[in-house]
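**Student:**
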Amino acid sequence: MAARGHRRAARTAALLALALLLAGGAATGCGGRATTHHKPGTSHEQASGNVGTLLTTGDSAGHKLREVPSQGAPEVQLALRPDSEDGWNLQLSVKNFRFTPDSTGGAALPGAGHAHLELDGRKIARLYGPWFHLPAALVPDGAHTLTVRLYADDHTAWAVAGKPVEGTAQLTAPAAPGSSGGHSHGEAPSQPPTPGQVQAEADRTVTITVRDGKVSPAPARTELRRGERVALRVTSDRADTLHVHGYDKELALPAGQEATLILTADRTGLFEVETHESSLVLTQLIVR
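Each number in my numbering corresponds to the 1-based position in the sequence shown with 15 added.
#1: Would you mind stating whether ASP255 and LEU268 have Cβ atoms separated by less than 7 Å?
#2: Applying the criterion that 16 or more other CB atoms from any shown protein chain within 10 Å of the CB defines a buried residue, is ARG164 buried or exposed?
#3: How many whole angstroms separate the CB atoms of THR183 and LEU93, which I take to be in contact at a CB cut-off of 8 Å?
#4: Residues in the same chain with beta-carbon distance under 6 Å from PRO179, minus the five sequence neighbours each way, listed in chain order, please.
#5: Between which two residues does the beta strand (DSSP E) holding GLU243 run?
#6: The beta strand (DSSP E) spanning SER108 covers which residue range?
#7: Grouping DSSP H, G and I as helix and E and B as strand, with all else coil, what is SER118?
#8: According to DSSP, is ALA176 part of a helix, a strand, or is it coil?
#9: To the nearest angstrom, report how far apart TYR166 and GLN106 are at their CA atoms.
#10: May I ask you to list the residues that DSSP assigns as paired with GLN272?
#11: Short of 6 Å in beta carbon distance, which residues of its chain neighbour GLU265, apart from the five on each side in sequence? Order them along the chain.
#12: Could you round the C-beta distance between LYS79 and LEU95 to whole angstroms and report it? I think they count as a contact, below 8 Å.
#13: Just to confirm, are VAL245 and ARG219 a CB contact at a threshold of 7 Å?
#14: How should GLY128 be labelled, buried or exposed, when 16 other C-beta atoms within 10 angstroms of its C-beta is the threshold for buried?
#15: Where does LEU153 fall in DSSP's three states?
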């Protein structure tokens, strides 16, 4: 009887250990692999490894600062030049830093992450590489300050001596031709594609409206076959930028105007379509 009791107790202990092991695996996900996207300000900022020192203070956008020693710390400089067709081309020159778009939302790793672009203190884009095209539609007339700031994968801001790692540049946007009552003899501005043109160029059309921070219809998955062309027709009540993850395609969204991006789905996988400034997921493209 005593031997049976000991065997029963041992079996119970083994089952309990197995249950705890499975629970731990479920909490970390498949091999602990980082997720591809998280919205700023969520709890992953509190569980992001032991790189540097997580300060109680934050940057102007409310992201906590992750302070590292000045020696070997990330650095960034911002340069810009007018684009020959529209807006400006921005170049980020970084040191002790690498862009890691595939691990955004994961734990903070030394010298890795992404960047945010601000116009006069207002975020207009998240950057996953050293180059970015800034459409003129996102920049009002007059003088402005562009700021680029470096973030870890967990969305904490890299910092040195209590200050975020960032670079700035000055930009002056000229008034649009004819805005002062004059007239222009140049080429007429390009017009957005008509519904008939979109239908002719795309196999699928997804129409989305963003109003008061809400997406209509509710974000869902759009399934595509590889090689199909999809038209993303988006109307936002405030100026923003549409970004298709994985394809690195972007589209300026002027306030109150419909904008259309036609994309050839030549890569298989799951790709999020989101807005940069408001960080809203518009849809997910599943390409098979």
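Yeah, the Cβ is synthetic: ideal placement off N, Cα and C, and Gly gets one too.
Here the structure is a predicted model, which means the values were calculated and not measured.
**Tutor:** The structure says:
#1: In this structure, LEU268 lies closer than 7 Å to ASP255 by Cβ.
#2: Counting other Cβ atoms within 10 Å of its Cβ, ARG164 reaches 16 or more and is therefore classed as buried.
#3: About 6 Å separates the two Cβ atoms, so the contact holds.
#4: ASP74, ARG164 and ALA172, listed in sequence order.
#5: Premise fails: GLU243 is in no beta strand (DSSP E) and is neither H nor E.
#6: Taken as a continuous stretch (DSSP letters only), the beta strand (DSSP E) holding SER108 covers 103 to 110.
#7: It is helical.
#8: In the three-state reduction of the DSSP assignment, ALA176 falls in the coil class, being assigned neither a helical nor a strand state.
#9: Between TYR166 and GLN106, the C-alpha separation is close to 17 Å.
#10: According to DSSP, residue pairing for GLN272 in a beta bridge does not occur.
#11: Close CB contacts of GLU265 within its chain, under the 6 Å cut and outside five residues either way in sequence, are with THR256 and HIS258 (chain order).
#12: That belief does not hold up - the Cβ atoms of LYS79 and LEU95 are roughly 29 Å apart, past 8 Å.
#13: The Cβ-Cβ distance between VAL245 and ARG219 falls below 7 Å.
#14: The Cβ neighbour count for GLY128, taken over all protein chains shown within 10 Å, is at least 16; the residue is labelled buried.
#15: Correct three-state label for LEU153: helix.
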